[in-house]
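In what follows, a single structure is set out as C-alpha cells and then discussed.
Residue numbers (the working numbering): 1 to 384.
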C-alpha cells in the first residue's frame, strides 16, 4: 500500500462490539484502507485505546472513568491521551463516529487540531445521554423534569441545559455532519440547526442462501439481534404466544442471544443463540418472515438491510426510520410498537394472506457504494 496515503483518525465509543456504529466503522475502515491509513481511538477497559486498522496493533493510553449521565466537560487523563494519540498518528482528517464515554470536551479538542473535522450521528446522544431517546414523543421533552425522573431517576435538567449548549456550540463548528437517514437528520434538526449529508449505511453483499424446505408446513417468523429490552422482543414473544393459542401453524426463531427461561420453553419458539455475520445467508434461509419489533426510534436499521439482502420480507414497528424505509403492504408490514394486539394481528395476516410472497423487496445498499461516497467526501475535505 502506498505510504503517502492520508491518515484518518476515527473517534468513537467502542470498536469491537457487534453493534451498529462499531460495525459501520469496521466496514468503512476495511473498504477505505487502500486509500487511507486508518486509526481508531476509543475508551474501554480503563484506557483510551488506539487501533491501527492495517496491522490491528492496539496501544493503550491512560484514561479517566467518565461518568454517565452527568458526563463532565473535562477529564484530564483522557484529554492528554487523545492529544498524545494526535501527536503519534498525525491525522490529516478526524471523523467523530460517537462520543459517549468521552468527556464532552472531545469534540472541541478534535476541532482544535486545525484539520478537517467530520461528525457522524448514529443515534440521539447529542440530544440526550439516553441515546435511544425512549419515553418521549418530541425531542424537546428531553429537558423536562418529568423525563429526567423517568429516565435518570433524578431531576438533572440544570445539567442537561448546560450539556445542550456545550454540544450545540461544538456541533456548529464541524465542517461536515453525516446522518444515515433523513429521519434522524430531521429529529436532530428539531434541536440543532445542522446541515446534514445523508449517507445511507451499506452492508457487505451476500447471496441469499438456498431457502430451507419447511417439512412441517409451519410459517417461520424470525428475529435477529440483541435481546435488549428496547428491541421489543418481549412484545413479540407475547404476541406470538397469542397466535399459537389460537392454533396458528407458525414458529418463531430467535437469533442473537441466549433466550432466558421461561421464554425458551414456550411452544413454537426456538432460541438459537448468538451468530457470526458470515452465518447470515444460512440463518436467513430458515426464516420466511423477519420481525423487527423495536420500541425506540431506530435511526436506520442494519437488520432490515440484512433481511432484504437475504430476500426475506419484514414486518416491523411503525416508528423511526423503519416506518420511512418500509412501505406498508407494498414491501413490508408495519405494526404499532409494543402493541401486542397489533403485532398479533400482523403475524396473523401473514398466515391468512399470501400477497406478501409476491412483494418486490428493495435491494439494500452495499458497503462498496457507501465507501465510494465517503472516499469522495474525505478527498473533498482534504483538498479544501
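Just so it is clear, CB atoms sit at the ideal spot from N, CA and C, and this is done for glycine as well.
Per DSSP, reduced to three states, the secondary structure at residue 273 is coil, with no helix or strand assignment. Cβ-Cβ distances below 7 angstroms link residue 184 to 121, 299 and 321 in the same chain, with the five nearest sequence neighbours on each side left out; the list follows chain order. Here DSSP, grouped into helix, strand and coil, assigns residue 9 to strand. Under the three-state reduction of DSSP, residue 218 is assigned to coil, being neither helix nor strand. Between residue 39 and residue 52, the CB-CB gap stays under 8 angstroms.
It is roughly 28 angstroms from the alpha-carbon of residue 33 to the alpha-carbon of residue 225. Here residue 271 is buried. Its C-beta has 16 or more other C-beta atoms within 10 Å. Rounded to whole angstroms, the gap between the alpha carbons of residue 236 and residue 19 is 21 angstroms.
Distance from the Cα of residue 380 is smallest, within the candidate group 303, 117 and 104, for 117. The shortest CA-to-CA distance from residue 114 to any of 81, 60, 264 and 174 is the one to 174. Under the criterion of beta carbons closer than 8 angstroms, residue 227 and residue 273 do not qualify as touching, at roughly 10 angstroms. Look at residue 100 here: in three-state DSSP terms it is coil, with no helix or strand label.
Following the DSSP letters along the chain, one finds residue 63 in no alpha helix (DSSP H), marked with neither H nor E. Residue 281 sits close to residue 310, with the two beta carbons spaced by under 8 angstroms. Runs of beta strand (DSSP E) with 3 or more residues, each lying fully within the region 100-155, are found at 117-120, listed in chain order. Secondary structure note for residue 316: its beta strand (DSSP E) is the uninterrupted segment 314-317. Collapsing the DSSP output to three states places residue 43 in a strand.
According to DSSP, residue 363 shares a beta bridge with no other residue. According to the DSSP assignment, residue 333 belongs to the beta strand (DSSP E) that extends over 332-335.
Annotated three-state conformation of residue 250 is strand, per DSSP. Between residue 41 and residue 85, the beta carbon gap of about 5 angstroms places them in contact (Cβ cut-off 8 angstroms). By the 16-neighbour rule on beta-carbons within 10 angstroms, residue 376 is exposed.
Inter-segment contact for the region 97-113 and the region 139-147 is absent: fewer than three beta-carbon pairs are separated by less than 8 angstroms. A direct Cα-Cα distance of roughly 50 angstroms separates residue 136 from residue 3. At a Cβ-Cβ threshold of 8 angstroms, residue 287 and residue 222 count as neighbours. The shortest C-alpha to C-alpha distance from residue 234 to any of 35, 266, 203 and 205 is the one to 266.
Contact annotation: residue 302 and residue 316 have beta-carbon atoms that are not nearer than 8 angstroms. Residue 291 sits in a strand when the DSSP states are folded into three classes. The secondary-structure analysis by DSSP pairs residue 93 across a beta bridge with 8. Here residue 264 has 271 as same chain residues with Cβ atoms under 7 angstroms from its own Cβ, once five neighbours each way along the sequence are excluded. Going by DSSP, residue 196 is part of the beta strand (DSSP E) stretching over 196-198. According to the DSSP assignment, residue 179 belongs to no alpha helix (DSSP H) but to the beta strand (DSSP E) extending over 176-179. Straight across, the Cα-Cα distance linking residue 269 with residue 243 is about 12 angstroms. Annotation for residue 24: the continuous alpha helix (DSSP H) segment containing it runs 20-32.
For residue 279, no alpha helix (DSSP H) encloses it, and the DSSP letter there is neither H nor E.
When the beta-carbon positions are compared, residue 157 and residue 89 stay at least 8 angstroms from each other.
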